[in-house]
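The structure appears below as structure tokens.
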Amino acid sequence: MGESCPDKQELQGQLIEILHRISGADPALITPDARLMEDVGIDSLGFYEILIEADTNFGIRIKEEELLRFRTVADIQQHLESLSPRRSDGSQS
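Just so we're aligned, residue 1 is where the sequence shown starts under full-length UniProt numbering, counting upward by one.
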């Protein structure tokens, strides 16, 4: 029952840490509603750093065309949650 997104808070914390490292923005400003470019200060190179960090930290590969559609911190978080390999839904290929 409590299996849906067991580490949502952990994921959000790690995402905030990654965005802080990339942009230097105050972690208090990196909220789900914060806009990546305008509020957090992520530039085009920063988007690619997010791509690399997601793969390194979460084992999640984000497609380049999906990455460029992200506008807010919540966009990235929801995408990572939907692709998270940690989810145990029992499906195997």
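Heads up, the beta-carbon is just placed ideally off N, CA and C, and yes, glycines get one too. Please read all numbers here as calculations on a predicted model, not as lab measurements.
Neighbourhood of residue i by C-beta, 8 Å cutoff - its chain only, sequence neighbours within 5 removed
i     : result
ILE60 : ALA54, LEU80, LEU83, SER84, PRO85
GLY24 : GLY41
ILE16 : PRO27, ILE30, VAL73
Reference residue i; option with closest CA among the options
i     : options                    : result
ILE52 : LEU11, GLU10, GLN9, ILE18  : ILE18
THR31 : ASN57, LEU11, LEU68        : LEU11
PHE70 : SER44, GLY13, GLN14, ASN57 : SER44
Pairwise C-alpha distance: residue j and residue i
i     : j     : result
HIS20 : LYS63 : 22 Å
VAL73 : LYS8  : 13 Å
GLU66 : ALA28 : 26 Å
ARG35 : ILE22 : 14 Å
PHE58 : GLU38 : 25 Å
ASP75 : LEU68 : 11 Å
Cβ of residue i within 7 Å of any chain D Cβ
i     : result
ASP39 : Among the chains of the structure shown, chain D does not appear; only one protein chain is present.
Under the three-state DSSP convention, the category residue i falls into
i     : result
ASP89 : Residue placement at ASP89 cannot be trusted, given a pLDDT of 45 that sits under 50; the coordinates are not used to answer.
ARG69 : coil
Which residues DSSP lists as bridging residue i, in chain order
i     : result
ARG61 : Bridge partners of ARG61: none, in fact.
ARG35 : THR72
Cβ neighbours of residue i in the same chain (closer than 6 Å, five flanking residues each side left out)
i     : result
PHE47 : LEU67
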